[in-house]
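Residue numbers (the numbering used here): 14 to 572.
For glycine and all other residues, C-beta sits at the position ideal for the given N, C-alpha and C.
Please read the structure below before turning to the comments.
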């Protein structure tokens, strides 16, 4: 491989002294620096009162500089609104603001035009109010959790921001990541790709999306995500390029795909830094869930910045998703239900669909021909799997769950997910109890979905946008969609989501002697979207639990 040419980039830029800014704004500036004053006239001005006044001015100036310097060095982080130059209004700045701006310029930044964090967030529509005659149970169902004052707060440390000037200009070493799986599995790998690039201080090539073998989706990154927005939001953290420079193209490229689980930043550096320095190129594959969930605070914040701010969907997807969300929203409050009834979920989970022997045979045959898709717990039969909470809830179980939670039968339900195995037959038990079931195919008009036919990732992205704006979100099964949605709804204001406790509630459903409504509500009282600190349990994903690394109390939020 030809060696790339080293390009020197200045890290520090010359800036006017903070004392100069203060003095230049002072009415005594002309007294101190007027070139028209002769030494004789100047000496006349240096009377004892004048000297005393000048001495006091300089003393206060130096004292203010020292206080501000001490403050900036004694804190681990600075509120985000102070970090962003775009949040400052120069025409109306006071002297103290000018001084603070000059001092902050000592910390190198290359984010001069970085959009404000609040504007870059993929935000949902405001919650639709619940009106009319609503029962007590109905009011409880639609009631939103208490956010306890937590707000997004991505206040990176001074050390992190100082290193950004060097890292964001990297032109010699490049990281390429191949992301596999469905949309939200790919999202997780993209998030970790950015973090690994930051750890290795390498430039990141826009990630490659591997063809999905289950849905046969060949979409590229630019077809799903807004590439320019991705680059712009992260340009203070990592340099992102659309393709490798010609100096780094190799006839033979080795791919690193044997990465153990739960690796630390230290492991990443020890394993790949030397290779990256020698070759200038590192290609990583099979990255899903490999990077530790427990990283230093700055890297956890970076995860949130990528997931909730940088990964905005491509304009055609975002625009259609927004239109369909508004059509759903305008009719009143709604539930978004991620209903996992697709054929592949039954094949992979080792569970029965509940549609009868004919359908069970189809699933069993597919499972035998594709044993590699079956998830863990191979020693458990389908009955034990279900009682262990490893199976997705069926349409009947979801209907009973919603009724137990107090959802009114008139509630509008948006179904997110692929085509259910068994078609309309699979949804009949749900529709019988809640007739207002709506899909993106029902919401769309005049061929709006045509460009995305057989584009599973794009359709999943549209589901994501519509689900984000719902009053209540409920996943019928664990998975990446539910986890990312849980964290995004928390980050956007702790909007209600309910995680079914399948292991606890299914035995209750089986026993018809119980009046299970109150039992189910009690079981789920503490899992409806209230702030849950990630630090309460090890190995929780910060994308699902953004408190406390990415959300904080008693500080100025980023919006």
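Beta-carbon proximity check, residue i vs residue j, cutoff 8 Å
| i | j | result |
| --- | --- | --- |
| residue 240 | residue 218 | no |
| residue 279 | residue 349 | no |
| residue 470 | residue 237 | yes |
| residue 563 | residue 314 | yes |
| residue 247 | residue 234 | no |
| residue 296 | residue 189 | yes |
| residue 334 | residue 474 | yes |
| residue 337 | residue 479 | yes |
| residue 354 | residue 405 | yes |
| residue 300 | residue 202 | yes |
| residue 542 | residue 509 | yes |
| residue 440 | residue 533 | no |
| residue 493 | residue 195 | yes |
| residue 374 | residue 434 | no |
| residue 403 | residue 362 | yes |
| residue 289 | residue 215 | yes |
| residue 511 | residue 540 | yes |
| residue 293 | residue 185 | yes |
| residue 344 | residue 245 | no |
| residue 276 | residue 255 | no |
| residue 420 | residue 187 | no |
| residue 191 | residue 298 | yes |
| residue 519 | residue 399 | yes |
| residue 282 | residue 212 | yes |
| residue 138 | residue 342 | yes |
Nearest-angstrom Cα separation, counted from residue j out to residue i
| i | j | result |
| --- | --- | --- |
| residue 242 | residue 130 | 12 Å |
| residue 443 | residue 414 | 10 Å |
| residue 250 | residue 431 | 35 Å |
| residue 160 | residue 556 | 17 Å |
| residue 340 | residue 456 | 7 Å |
| residue 94 | residue 169 | Confidence in residue 94 is poor, its pLDDT being 36 and thus under 50, which makes the residue's placement too unreliable to answer from. |
| residue 157 | residue 544 | 12 Å |
| residue 558 | residue 524 | 34 Å |
| residue 483 | residue 347 | 6 Å |
| residue 144 | residue 151 | 11 Å |
| residue 253 | residue 167 | 20 Å |
| residue 551 | residue 397 | 27 Å |
| residue 132 | residue 365 | 45 Å |
| residue 360 | residue 409 | 20 Å |
| residue 321 | residue 560 | 14 Å |
| residue 303 | residue 446 | 42 Å |
| residue 371 | residue 230 | 29 Å |
| residue 91 | residue 171 | Unreliable positioning characterises residue 91 in this predicted model, as indicated by a pLDDT of 35, which lies under 50. A coordinate reading is not provided. |
| residue 486 | residue 181 | 37 Å |
| residue 311 | residue 173 | 7 Å |
| residue 209 | residue 326 | 22 Å |
| residue 162 | residue 394 | 45 Å |
| residue 358 | residue 257 | 37 Å |
| residue 465 | residue 226 | 18 Å |
| residue 307 | residue 224 | 30 Å |
| residue 123 | residue 204 | Annotation note: pLDDT 39 at residue 123 (below 50); position unreliable, no value reported. |
| residue 269 | residue 538 | 45 Å |
| residue 271 | residue 284 | 11 Å |
| residue 135 | residue 454 | 23 Å |
| residue 451 | residue 423 | 12 Å |
| residue 291 | residue 324 | 31 Å |
Opening and closing residue of the beta strand (DSSP E) in which residue i lies
| i | result |
| --- | --- |
| residue 350 | 347 to 351 |
| residue 1 | Not covered by the structure: residue 1. The range shown for the chain is 14 to 572. |
| residue 294 | 294 to 298 |
Residue i - partner residues in DSSP beta bridges
| i | result |
| --- | --- |
| residue 216 | 187 |
| residue 427 | 349, 451 |
| residue 230 | 225 |
| residue 326 | 238 |
| residue 165 | 564 |
| residue 192 | 222 |
| residue 509 | 485 |
| residue 304 | 276 |
| residue 253 | 217 |
Enclosing alpha helix (DSSP H) for residue i [first to last residue]
| i | result |
| --- | --- |
| residue 486 | Not the alpha helix (DSSP H): residue 486 falls in the beta strand (DSSP E), residues 485 to 488. |
| residue 412 | 408 to 418 |
| residue 501 | 493 to 504 |
| residue 442 | 437 to 446 |
| residue 360 | 356 to 362 |
| residue 469 | 469 to 481 |
| residue 536 | 529 to 536 |
| residue 259 | From DSSP, residue 259 is part of no alpha helix (DSSP H); its letter is neither H nor E. |
| residue 313 | 310 to 318 |
| residue 432 | From DSSP, residue 432 is part of no alpha helix (DSSP H); its letter is neither H nor E. |
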